[in-house]
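Student: Sequences listed follow chains A and B, in order.
Sequential numbering of the first sequence, starting at 1292, is according to my numbering.
Sequential numbering of the second sequence, starting at 1292, is according to my numbering.
Glycine included, each C-beta is placed from N, C-alpha and C at the ideal position.
Just so it is clear, the structure is predicted and the values come from calculations on it, not from any experiment.
Starting off with a structure, shown below.
2 protein chains.
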Amino acid sequence: MSSARPDVELSVALDMDAMPGHYIRRLQQVAVRLFSEEVGSELTPVQFAALVAIAQRSGLGQADLAAQIGYDRATIGGVIDRLEAKGWVSRTPSREDRRQNIVAITPAGEQAMAQATAAVQRVQTRFLSPLDSDEQQVFERLCRKLLGYHLG
Amino acid sequence: MSSARPDVELSVALDMDAMPGHYIRRLQQVAVRLFSEEVGSELTPVQFAALVAIAQRSGLGQADLAAQIGYDRATIGGVIDRLEAKGWVSRTPSREDRRQNIVAITPAGEQAMAQATAAVQRVQTRFLSPLDSDEQQVFERLCRKLLGYHLG
DNA sequence: CGTCGATTGACTGCATACATATTATATGTA
DNA sequence: TACATATAATATGTATGCAGTCAATCGACG
Chain A
1292 MSSARPDVEL
1302 SVALDMDAMP
1312 GHYIRRLQQV
1322 AVRLFSEEVG
1332 SELTPVQFAA
1342 LVAIAQRSGL
1352 GQADLAAQIG
1362 YDRATIGGVI
1372 DRLEAKGWVS
1382 RTPSREDRRQ
1392 NIVAITPAGE
1402 QAMAQATAAV
1412 QRVQTRFLSP
1422 LDSDEQQVFE
1432 RLCRKLLGYH
1442 LG
Chain B
1292 MSSARPDVEL
1302 SVALDMDAMP
1312 GHYIRRLQQV
1322 AVRLFSEEVG
1332 SELTPVQFAA
1342 LVAIAQRSGL
1352 GQADLAAQIG
1362 YDRATIGGVI
1372 DRLEAKGWVS
1382 RTPSREDRRQ
1392 NIVAITPAGE
1402 QAMAQATAAV
1412 QRVQTRFLSP
1422 LDSDEQQVFE
1432 RLCRKLLGYH
1442 LG
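The structure is reproduced here in structure tokens:
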């Protein structure tokens, strides 16, 4: 660590640690790291979320899928590319609307998802473990409230 | 999936919205969007955080800087590239350790930071605005607690 | 003084995330 | 039918974030 000499005094002392945007970013980093520790490198957080969404509501096009889990439409294509390359989902042009690719999970995909599920739940447990049970509930409620207003 | 293995949790329990990792990601998306709305495209959240850190503790090398604000060492290089291209920071080889690049903010950089500061504070206000004052304090406390355990 | 382990920074590759443009296809309307 | 508009998917460019590799360099040790 270098010796920091104070050479510029800022008119406004900005404490980045006090900024929600900053610590949300760092919490996100923590969550991603835990995910990769527990689940491994076979599956990323985004790929897992996509797999779950596809399994729960098959017959959706890519855009519907993206909207449902909060991805960008331009991003979902690449995610599905990688899931398709692993043989976990399939893309089929819709007959009703030939612009659409209907995305469905494959048996191999279901198996991969089932294998990952326990690890993913460990991630959530570990992530929240610094909080006691009451705090966990409050944290979830406040996050939902924030999302509800900003997305709804 | 045709095995006789009972997978009870597969059919129901995968509610992504209930997973902290998932809604933290979406909160992060919200924060980034608000940032770009208020601050504009001149400066990204990461670039702003870097600028603040550089201004507050000049004389640091890139790795120290990265550690201080939670970046990856491999990422900070590109961030500083872009700040340097705008003339907002400078890189100088250290005399004590010639592997190090000492990063410092320029007058133009200080000006850019000062201009962005009000907008950045509006971001934080808007982000937390769905919560009342008590809830905001609780939210910040819980986030800090999570970070304290996971990073400390 | 020379060697070795650790550190730093540069670089590559992969995976998001988003904006924008483009292409193909649908759909509403004149 | 012809045209304008809307939508789905893709391609491109920029910006992060992390893992891994490499060379240069530093500090410590013999």
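#1: Taking only beta-carbon positions, decide if A:Ala1357 is within less than 8 Å of chain B.
#2: Using a C-beta to C-beta distance shorter than 7 Å, which residues of chain A count as neighbours of B:Gly1361?
#3: Should A:Tyr1440 go down as buried or exposed, given a rule of 16 or more other Cβ atoms within 10 Å for buried?
#4: What does the alpha-carbon distance come out to for the pair B:Gln1406 and A:Ala1399?
#5: Would you call the region 1385-1393 of chain B and the region 1336-1356 of chain B touching, i.e. three or more CB-CB distances under 8 Å?
#6: By Cβ distance below 8 Å, which residues in the same chain neighbour B:Gln1427 in space, the five residues on each side in sequence not counted?
#7: Between A:Pro1384 and chain B, is any beta-carbon pair separated by less than 8 Å?
#8: Nearest chain B C-beta to A:Glu1426 closer than 8 Å, yes or no?
#9: Identify every residue that forms a DSSP beta bridge with A:Ile1371.
#10: Note down, in chain order, every chain A residue with its Cβ under 7 Å from the Cβ of B:Ala1340.
#11: Taking CB distances under 8 Å as the criterion, tell me whether B:Lys1436 reaches chain A.
#12: Among B:Thr1397, B:Thr1408, B:Gly1443, B:Asp1423, which one has its Cα closest to the Cα of A:Met1307?
Tutor: Judging by the given coordinates:
#1: No, A:Ala1357 lies away from the interface with chain B (no Cβ there is under 8 Å from its Cβ).
#2: Near B:Gly1361 (Cβ distances below 7 Å), the residues of chain A are Arg1317, Gln1320.
#3: Answer is exposed; the Cβ neighbour count stays below 16.
#4: Cα-Cα distance, rounded: 53 Å.
#5: Touching, yes, given that three or more Cβ pairs across the two stretches are closer than 8 Å.
#6: Excluding sequence neighbours, B:Gln1427 sits near Leu1419.
#7: Not one beta carbon of chain B lies nearer than 8 Å to the beta carbon of A:Pro1384.
#8: True, the Cβ-Cβ gap to chain B drops below 8 Å.
#9: In the DSSP assignment, A:Ile1371 forms no beta bridge with any residue.
#10: Residues of chain A passing the Cβ test: Met1307, His1313.
#11: Yes, its Cβ sits closer than 8 Å to a Cβ of chain A.
#12: Closest in C-alpha terms to A:Met1307, from the list B:Thr1397, B:Thr1408, B:Gly1443, B:Asp1423, comes B:Thr1408.
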